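Step one of this worksheet: look at the structure below.
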Amino acid sequence: MTAFRESVEAMIPALRRYARALARDAEIADDLVQDTLVRALRSERLFIGGDIKSWLYTILTNLNKNRRRSLARRPQHLPLLENNPDASGTEAEGRDIARALATLVEEQRSVLLLVMLEGLSYREVADIQGIPIGTVMSRLARARSHVKAYLEGERPPLRRVK
Amino acid sequence: MTEPQIPVTEDELHAYVDGELPAERREEVEAWLAAHPDDAARVQSWRLMAADLHARYDAVADEPIPARLQIERLVHTPRRWIYGAIAATLVAFIGGGLAGWTAHGAASAPSALQNFTAEALEAHRLYTVEVRHPVEVPGSERAHLQQWLTKRCGWQVRAPELETTGLKLVGGRLLPGPTGPASFLMYESASGERFTVYTARASSEATQMRYAAGNQDAALFWADHGVGYVVSGSSDRDRLMQVARLVYDQSEKDGGEAR
């Protein structure tokens, strides 16, 4: 296997984690990862160095953006199988982190996940989203405060023990 | 602890948690947090949030990688229909060829495919209710129909044999597709149930099979060798799968039609 393919392969677990948190539905998430990998592998010859990790996150983020943008004007698309354990699990749990993420707007969710879950730097996230670092920081701040408010909506605030 | 000279901003609190602060400022922020419990609580809540995220999603990264995402498989472009009840619906169809990842528009492909599924479903709805003129060329002229559509569309259009599912070719017509001509074939059962097979040039080389449901009808769609296929018909998913599988198998047999 080429070094390029090995680097791509090493990223699959992290891409799946990011996609699952981004898209919520396990099936859609793996579709996103698959489309990302197919695109990446086809572009192997076009890839002229640089950071493969950021590049893969960029493709996936864009794919998801396009997917969501186009959802409104077409028939409802369902997963072919309704055996998604993820979806049924969250129903019962009330205000969990997955539901909090679902209430965020797309670009804030993506920034929050890339920084907090995937551990990317502000610089990398700025490149992935094609925005200035200042915008990354403001999206992150808004996302954090939104998630915090959402989670505390039901949970009583933690009492500070001195 | 002494108050830092410069007050700590909210941006700096975020940068502190995310390890983006220069070392010398870190100490000042720590001193600030010791003196400002509200900010310290906020920082703590962000840390808990990160822990929450990892607790919820790290398990996904530890799952075994599904077959359809394995590099070997994606590279060696398997094009197989696995005849298993569940597997059959989930197989990824990956064809070869160069595709359109470009710097900014990393992917119009899936959305384009879904757009044309919507067009195919519209054509399906428009023509399946037609009693007298459902098609331009009747199924009795199968050879001519295939030749004509192939010539106009630019890829091999072959009307699949669906008799084993009780469907007979009614005929076909040429339609304007999203980026050029599209072929449209209609089939009918003895009870009058109608299915249509729509093909048009797809922007993605190959995709896995997906399902789209309308109110009265549904479609299965995929792309292969640069041609998108949409099989529309009954909202009975199993029935639709059965028909789509025959269509897929026969286009597979023809192989490389788009080249």
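Chains as they are written, first to last, in the working numbering: chain A, 1044 to 1205; chain B, 6 to 264.
A virtual CB, placed ideally from N, CA and C, is assigned to each residue, including glycine.
These numbers come from a predicted model, not from an experiment.
Each of A:1109, A:1186, A:1050, A:1159 was checked against the Cα of residue 1093 of chain A, and the nearest Cα belongs to A:1050. Here residue 11 of chain B is exposed: its Cβ has fewer than 16 other Cβ atoms, across all protein chains shown, within 10 Å. Annotated three-state conformation of residue 233 of chain B is strand, per DSSP. When the alpha-carbon of residue 44 of chain B is set against those of B:18, B:167, B:170, the nearest one is in B:18.
Counting C-beta pairs closer than 8 Å gives fewer than three between the stretch 185-204 of chain B and the stretch 1058-1067 of chain A, which falls short of the contact rule. Not a single CB atom of chain B sits nearer than 9 Å to the CB of residue 1148 of chain A.
Nearest Cα to residue 136 of chain B within the set B:198, B:72, B:250: B:198. The beta carbons of residue 236 of chain B and residue 224 of chain B sit closer together than 9 Å. When CB distances to chain B are screened at a threshold of 7 Å, the residues of the stretch 1166-1189 of chain A falling below it are 1180, 1183, 1184, 1187, in chain order. Counting along the chain, the unbroken beta strand (DSSP E) around residue 201 of chain B starts and ends at 199-206. The beta-carbon distance between residue 1104 of chain A and residue 1153 of chain A, rounded to whole angstroms, is 5 Å. This is short enough to meet the 8 Å contact definition.
Secondary structure in the stretch 14-53 of chain B: the alpha helix (DSSP H) runs of 4 residues or longer, each lying completely within the stretch, are 15-22, 28-40 in chain order. Relative to the Cα of residue 248 of chain B, the nearest Cα in the group B:184, B:27, B:171, B:121 belongs to B:171. If you keep only unbroken alpha helix (DSSP H) runs of at least 4 residues inside the stretch 1165-1192 of chain A, you get 1165-1172.
The beta carbon of residue 1066 of chain A does not come within 9 Å of any beta carbon belonging to chain B, so the residue lies off that interface.
Annotation: residue 1109 of chain A to residue 1100 of chain A spans about 14 Å, alpha carbon to alpha carbon. For residue 23 of chain B, same chain residues with a beta-carbon under 7 Å away, outside a window of 5 residues either side, do not exist.
Contacts with chain A at 9 Å (Cβ-Cβ) include residue 19 of chain B.
Taking a beta-carbon distance threshold of 9 Å, residue 1077 of chain A counts as an interface residue toward chain B. For residue 1049 of chain A, the uninterrupted alpha helix (DSSP H) run begins and ends at 1046-1053, by DSSP. In the structure shown, the three-state DSSP call for residue 227 of chain B is strand.
Nearest neighbour of residue 238 of chain B by Cα position, chosen from B:219, B:254, B:228, turns out to be B:219.
Straight through space, the alpha carbons of residue 181 of chain B and residue 188 of chain B are spaced by roughly 9 Å. Within the stretch 56-72 of chain B, 57, 58, 59, 60, 61, 62, 63, 64, 65, 66, 67, 68, 70, 71 place their CB atoms closer than 9 Å to a CB of chain A, listed in sequence order.
Per DSSP, the beta-bridge partners of residue 191 of chain B are B:176, B:201. Comparing alpha carbon positions, the residue from B:252, B:185, B:21, B:253 closest to residue 37 of chain B is B:21. Neighbours of residue 16 of chain B in chain A, taken as residues at a C-beta separation under 9 Å, are given in chain order as 1177, 1180, 1181, 1184. Nearest to residue 253 of chain B by C-alpha distance, out of B:214, B:244, B:156, is B:214. Residue contact with chain A for residue 35 of chain B: absent (no Cβ-Cβ distance below 9 Å to any residue of chain A).
In this structure, DSSP gives residue 215 of chain B an extended state, which the three-state scheme calls strand. Within chain A, 1044, 1048, 1051, 1052, 1055, 1080, 1084 have C-beta atoms less than 8 Å from the C-beta of residue 76 of chain B, given in sequence order. Inter-residue distance for residue 1096 of chain A and residue 1177 of chain A is about 22 Å (C-alpha atoms, whole angstroms).
Straight-line measurement puts the Cα of residue 145 of chain B at about 27 Å from the Cα of residue 222 of chain B. Taking a Cβ-Cβ threshold of 8 Å, the residues of chain B close to residue 1160 of chain A are 55, 58, 59, 62, in chain order. By the CB criterion at 9 Å, residue 210 of chain B and residue 200 of chain B fall outside the cutoff.
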